[in-house]
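Under this note's numbering, the very last position in the sequence shown is 456; numbers go up by exactly one each time.
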Amino acid sequence: MRTGRRARLAAVLAAALPIAMPAAMPVAAAEFDVRLGDRVLGRMTGLADRLAMRLDNTPLGVGDGAFEGVVTPDGTYVGQGDDRRITVLFEDGRPVTTQVVPQSEATPASDPATVPSDVLDPVSGFWRLASARDCPGGWRMYDGRRAVQVTPTARSVEGDSLVCAMDYAVTHGPGHLSPFRFKSMRLVARYGLSGGAVTGLRDLSVATGPFVVTLTAR
Numbered sequence: 239m240r241t242g243r244r245a246r247l248a249a250v251l252a253a254a255l256p257i258a259m260p261a262a263m264p265v266a267a268a269e270f271d272v273r274l275g276d277r278v279l280g281r282m283t284g285l286a287d288r289l290a291m292r293l294d295n296t297p298l299g300v301g302d303g304a305f306e307g308v309v310t311p312d313g314t315y316v317g318q319g320d321d322r323r324i325t326v327l328f329e330d331g332r333p334v335t336t337q338v339v340p341q342s343e344a345t346p347a348s349d350p351a352t353v354p355s356d357v358l359d360p361v362s363g364f365w366r367l368a369s370a371r372d373c374p375g376g377w378r379m380y381d382g383r384r385a386v387q388v389t390p391t392a393r394s395v396e397g398d399s400l401v402c403a404m405d406y407a408v409t410h411g412p413g414h415l416s417p418f419r420f421k422s423m424r425l426v427a428r429y430g431l432s433g434g435a436v437t438g439l440r441d442l443s444v445a446t447g448p449f450v451v452t453l454t455a456r
């Protein structure tokens, strides 16, 4: 795999791992190990305005790479990987301009007029998930190349954990991770409970095709 493509797994996970706004939000960064089975592939860190992932232990190094997403105060999302940079300006939940560099990485969905309104950028989506105080409702997300719909499917309490299951579907643009082009994923988030209140996100699994990747809180 070319070095320029090694960050794509990180970008895929960042996009897929994004509810009503919780009543209280943690101020510290949310930090997670990224795992494939028992193997730690790397680390993800999330804040309200920043999301960073570095993978440095994928099998044979084929998925190693880094991704960083930032949201500026004016609503601009910038996603930077090893092989491309995406900038999207959001206004009132609607993307109004999108720039993909290099242009060859753009998709039909890079035209913001083709995607739904009321969408989140990947940084805000993940932070709302990481800081949630209950299972999410449905939401849409847009990363400059595709739009997705996340739909809740189940809510349960298992011991001292709140378990939230969700379906993730690409609705506009290509699927994730060439050459597989995955268009559907299953997300399961587990939150710690204490006295009936959520204490934080313990882990989040992302399953698609033969792969199950898990974020585990550090």
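Ideal Cβ placement from N, Cα and C applies to all residues, glycine included.
>> Using 9 Å as the threshold, is the C-beta distance between Cys402 and Arg424 below it?
In response: As a first step, residue 402 must be located in the sequence shown, where it is residue number 164. As a first step, residue 424 must be located in the sequence shown, where it is residue number 186. Not in contact: Cys402 and Arg424 (Cβ atoms no closer than 9 Å).
>> Run through the DSSP bridge pairs and tell me what Leu387 is partnered with.
In response: If you number the sequence shown from 1, residue 387 lands on position 149. A small fix is needed here, since residue 387 is Gln in this sequence, not Leu. Arg378 and Ala407.
> What are the partner residues of Ala445, as DSSP defines its beta bridges?
Replying inline: Residue mapping note: residue 445 aligns to position 207 of the sequence shown, counting from 1. According to DSSP, Ala445 bridges with Arg424 and Val450.
> Helix, strand or coil: which one does DSSP assign to Leu279?
Replying inline: Within the sequence shown, numbered from 1, the residue matching residue 279 stands at position 41. If DSSP states are grouped into helix, strand and coil, Leu279 belongs with the strands.
> Thr296: buried (16+ other C-beta within 10 angstroms of its C-beta) or exposed?
Replying inline: Taking the sequence shown and counting its residues from 1, the one referred to as residue 296 is at position 58. Classification of Thr296: buried, given that the 10 Å Cβ count is 16 or more.
> Quick one: any contact between the segment 352-365 and the segment 392-402, if contact means 3 or more CB pairs under 8 Å?
Replying inline: no
> Would DSSP call Ser394 helix, strand or coil?
Replying inline: Numbered from 1 along the sequence shown, position 156 holds the residue referred to as residue 394. It is a strand residue.
> For Glu329, which residues does DSSP report across the bridge?
Replying inline: Against the sequence shown, residue 329 aligns to sequence position 91. Answer is Arg332.
> If you count every other CB in all the chains shown that lies within 10 Å of the CB of Pro448, and 16 or more means buried, which is it?
Replying inline: Counting from one through the sequence shown, the residue named residue 448 turns up at place 210. So Pro448 counts as exposed.
> Residues in its own chain within less than 7 Å of Val309 by CB, not counting five upstream and five downstream?
Replying inline: Translated into positions along the sequence shown, residue 309 becomes position 71. Asp287, Tyr315, Asp359, Val361 and Ser362.
> Roughly how many whole angstroms lie between the Cα atoms of Asp441 and Gly411?
Replying inline: Reading the sequence shown from its first residue, position 203 is the one you call residue 441. Reading the sequence shown from its first residue, position 173 is the one you call residue 411. Between Asp441 and Gly411, the C-alpha separation is close to 28 Å.
> If you run the structure through DSSP and keep just helix, strand and coil, what is Ser369?
Replying inline: Here the question's residue 369 lines up with position 131 in the sequence shown. If DSSP states are grouped into helix, strand and coil, Ser369 belongs with coil.
> Which residue's Cα is closest to the Cα of Asp302: Arg366, Leu285, Gly430 and Asp320?
Replying inline: As a first step, residue 302 must be located in the sequence shown, where it is residue number 64. The candidate whose alpha carbon is nearest that of Asp302 is Asp320.
>> Tell me which residue opens and which closes the beta strand (DSSP E) that Phe270 is part of.
In response: To locate residue 270, count along the sequence shown from 1; it is residue 32. Unbroken beta strand (DSSP E) run through Phe270: Ala268 to Leu274.
> Leaving out five residues before and five after Lys421 in sequence, what residues of the same chain have Cβ atoms less than 7 Å from its Cβ?
Replying inline: Here residue 421 is taken as the residue at index 183 of the sequence shown, counted from 1. Closer than 7 Å at the Cβ level, and outside the excluded window around Lys421, lie Ala407, Val408 and Gly413.
>> Using the Cβ count rule (16 or more neighbours within 10 Å means buried), how would you classify Leu367?
In response: Taking the sequence shown and counting its residues from 1, the one referred to as residue 367 is at position 129. Buried is the call here.
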